[in-house]
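Notes follow the structure.
If you want it as structure tokens, here you go:
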């Protein structure tokens, strides 16, 4: 509800800016034309992920990983990391934080394992692995639009090495931090109960077909909407009671819409010159570190989405824009509000009775975020 209130306030601010002429109506229409496919994709892919979760797709996937681990905790943890990377890359970081977290915690608890190494893996990889594909993060979709006709191949060629470095650095740091908790072995546990096998199989097929279509060159909203329509129709037939308005992330859409308008109004007042002075110019390593560092700082002070929107125009070239993405995507590991995914992750853990003190989260992030962002920028400078 708080997110919806903030979104409503931001929409009000944007509306006032349009009515007073601070933000010209033509600019407001340009913003709408830019963001409607992105918001439509976010809504559709969230519905797909929610319905797939209800059908048990993530439960079965996690259970398969537990069997593949063969009782070795380290192996299971690495498999969970891999699942988090795939879920984040194709279904966005919020899916990993909201839907994968409870599944992974359940798997760990059923095998009497410390849930914290698995919990931290989901939230860190939700952020750092969101550099992999355009559909992994809302900021990426915005950046692709800014890069003109850039497609998935171009995006991966630009940010792929940095994404790999960010993921590997995250795994190494978390592995060192939780080394003791990941030693030893675990026992067997009963497989998750399947309430509707045909629904599970159908949902699994829809998700399996959707993933490659998201990187096929089509506008991401097209296959996402198609998958959401198909799954919704199947659920209306097999399990109509599960269909509810809450499946659609209205609060996030309201917040993002208001934020786009408000940032557009701020840019119309001349903010680009101020942020341009902060980020500087140049594409050498130190210049790129500067852009990424300011993005990381902005994300942890306010939030990664407004930080990206505020600095986007000042970033300039594709390489500098990629550095900004590294800062706002892989950098929000310090403060609780730096990423919406982090807040949602903590809410899920609290509901599950898993206590993660913010002090521990912040201290680990203060060490990890600068290292991860700093290392991930290096491949950009070596291009």
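Residue numbers (our numbering): 531 to 913.
A virtual CB, placed ideally from N, CA and C, is assigned to each residue, including glycine.
According to DSSP, simplified to helix, strand and coil, what is residue i?
i	result
residue 600	coil
residue 641	coil
residue 715	strand
residue 773	coil
residue 747	coil
residue 759	helix
residue 667	coil
residue 552	coil
residue 811	coil
residue 882	coil
residue 647	helix
residue 723	coil
residue 636	helix
residue 622	coil
residue 869	coil
residue 662	coil
For residue i, I'd like the list of residues in its chain whose CB is within less than 6 Å of its CB, leaving aside the five on either flank, ordered along the chain.
i	result
residue 790	561, 565
residue 764	732
Please return the same chain residues whose Cβ sits closer than 7 Å to the Cβ of residue i, not counting the five positions on each side in sequence.
i	result
residue 884	635, 645, 649
residue 741	620
residue 603	643, 712, 713, 714, 715, 716
residue 532	none
residue 863	654, 657, 895, 898, 899
residue 766	773
residue 633	588, 589, 592
residue 853	818, 821, 822, 907, 910
residue 667	622, 623, 660, 859
Can you give the beta carbon distance from residue i to residue j, rounded, assuming they're within the 8 Å contact cut?
i	j	result
residue 809	residue 821	5 Å
residue 911	residue 815	4 Å
residue 750	residue 909	Residue 750 to residue 909, Cβ: 25 Å. No contact.
residue 868	residue 829	5 Å
residue 838	residue 669	4 Å
residue 651	residue 704	6 Å
residue 616	residue 754	Rounded, the Cβ-Cβ distance is 16 Å, inconsistent with contact.
residue 769	residue 729	6 Å
How would you write the range of the alpha helix (DSSP H) that residue i sits in, first residue to last?
i	result
residue 865	Per DSSP, residue 865 belongs to no alpha helix (DSSP H) and is neither H nor E.
residue 703	682-707
residue 549	532-549
residue 556	555-585
residue 796	780-798
residue 731	727-743
residue 844	834-845
residue 628	Taken as a continuous stretch (DSSP letters only), residue 628 belongs to no alpha helix (DSSP H), as it is neither H nor E.
residue 900	888-911
residue 815	815-831
residue 853	848-860
Could you tell me which of the options sits nearest to residue i, measuring between CA atoms?
i	options	result
residue 647	572, 749, 708	708
residue 759	695, 702, 573	573
residue 586	900, 850, 727	727
residue 734	588, 890, 907	588
residue 660	807, 834, 890, 828	834
residue 783	739, 697, 870, 718	870
residue 675	536, 842, 858	842
residue 640	597, 672, 625, 612	597
residue 850	725, 806, 612, 601	806
residue 866	847, 855, 887	887
residue 813	913, 697, 779, 745	913
residue 797	836, 761, 825, 771	836
Go through its chain and collect everything with a Cβ distance to residue i's Cβ below 8 Å, but skip five positions before and after it.
i	result
residue 599	605, 606, 609, 716
residue 542	788
residue 580	629, 777
residue 780	534
Any beta carbon from chain B within less than 7 Å of residue i's own beta carbon?
i	result
residue 736	No chain B appears in this structure, which consists of one protein chain only.
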